[in-house]
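Notes follow once the structure below has been shown.
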Amino acid sequence: MRHALITAGTKGLGKVVTTRFLEKGHSVTVTYRTDRIKAEQLLEEWPEEHSRIQIIQADVTKKEDLIRLVQEAVDRFGRIDYLINNAGPYIFERKKLLDYTQEEWDAMIRGNLDASFHLFQQVAPYMRKQQFGRIINYGFQGAGAASGWIYRSAFAAAKVGLVSLTKTIAFEEAENGITSNMVCPGNITGNMKEATIAESRKDHDEHTPIGRSGTGEDIARTIEFLCDKDSDMITGAVYEVTGGLDVIHRHR
């Protein structure tokens, strides 16, 4: 049984990814930061599978939490095959770079870039020993081209740095059977984060060129594909799952 470590895996996009891994028969360690109720709901939805589920409270901006997270996952399941860096702080208020506080800047960098580095350092030795590993990071549309993103500058800077980190890991760890890729969700909001593709097709979305909004299932199925053992030829790639929507330039 392979094991997946999924940050922020108890709600939103992360929950759909968690469900996908459980459906495939894997065990999972998932984190939550503050919403214990949603974490408990995950367990309620899988009453017969608690032996395959570990839920841990963790703040991805804190290195000590990440070290503890990996250790607890290995202590219980003995391995880590998939690292899904789903968690990532985001500032919803639209503001220019000059208006960011030091605390806001630090949260964006620590949660979206530093966390992936620290978790990689912790899980890589186990993946090397197994000669198998799949690392998935999250970006944004345009991240692979180092796009600027007005009003989202700190978040974008962290994610663009993460593109380089993702590719470097791909090059350095290929010989160890480890792949590293990035998935960039489009504008997936509200209930659509935990929705299925079939549900999204019930309502036309005039803003998305394909005619429906993105869903958690769109992201989960992309991650599932990249994590397959036969997807080892795909590494250092940036996948945009946007339905053709220009996320960066749709607002000015």
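Each residue of the sequence shown is one higher than the one before, starting from -19 at the first, in our numbering.
We put the beta carbon where it would ideally sit given N, CA and C, even for glycine.
Check: DSSP beta-bridge partners of cysteine 207; Outcome: Partner(s): none; cysteine 207 has no beta bridge.
Check: Straight-line Cα distance separating cysteine 207 from alanine 19; Outcome: 24 Å
Check: Straight-line gap, glutamate 29 to leucine 23 (C-alpha atoms, nearest Å); Outcome: 8 Å
Check: Reduced DSSP secondary structure (H/G/I, E/B, other) of leucine 63; Outcome: strand
Check: Top-ranked residue by Cα proximity to lysine 4, from Arg(-18), Gly(-6), Ala(-12), Lys(-5); Outcome: Arg(-18)
Check: Where the beta strand (DSSP E) through methionine -19 begins and ends; Outcome: Careful: methionine -19 lies outside any beta strand (DSSP E) and carries neither H nor E.
Check: Assigned secondary structure, isoleucine 115 (DSSP; H/G/I helix, E/B strand, else coil); Outcome: strand
Check: Beta-carbon proximity check, isoleucine 158 vs methionine 213, cutoff 8 Å; Outcome: no
Check: Complete runs of the beta strand (DSSP E) confined to the region 123 to 205 [at least 3 residues]; Outcome: 158 to 165
Check: Assumed close pair threonine 188, alanine 67 - CB separation to whole angstroms, cut-off 8 Å; Outcome: Not confirmed; about 25 Å, so no contact.
Check: Beta-carbon proximity of isoleucine 17 to asparagine 65, cut-off 8 Å; Outcome: no
Check: Whether threonine 222 touches glycine 194 by CB criterion (8 Å); Outcome: yes
Check: Beta-carbon proximity of valine 103 to leucine -15, cut-off 8 Å; Outcome: yes
Check: Residues near glycine 141 in its chain [Cβ-Cβ closer than 6 Å; skip 5 each side]; Outcome: Leu93
Check: Beta-carbon proximity check, valine 10 vs phenylalanine 120, cutoff 8 Å; Outcome: no
Check: Where isoleucine 36 sits in the DSSP three-state scheme; Outcome: strand
Check: Per-residue burial, arginine 232 [other beta carbons within 10 Å of its own, 16 or more giving buried]; Outcome: Only weak support exists for where arginine 232 lies, its pLDDT of 47 falling under 50; the value from the coordinates is given anyway. Its Cβ having fewer than 16 others within 10 Å, arginine 232 is exposed.
Check: Nearest residue (CA-CA) to alanine 95, options Thr41, Ala136, Arg59, Ala200; Outcome: Thr41
Check: Backbone secondary structure at glycine -8 - three-state DSSP; Outcome: helix
Check: Residue environment, tyrosine 12, which counts as buried when at least 16 other CB atoms sit within 10 Å; Outcome: buried
Check: Threonine 9 - DSSP class collapsed to helix/strand/coil; Outcome: strand
Check: Residue nearest to valine -4 in terms of C-alpha spacing, selected from Tyr131, Ile177, Leu78, Ala217; Outcome: Ile177
Check: Collapsed DSSP secondary structure at glutamate 220 in the structure displayed; Outcome: strand
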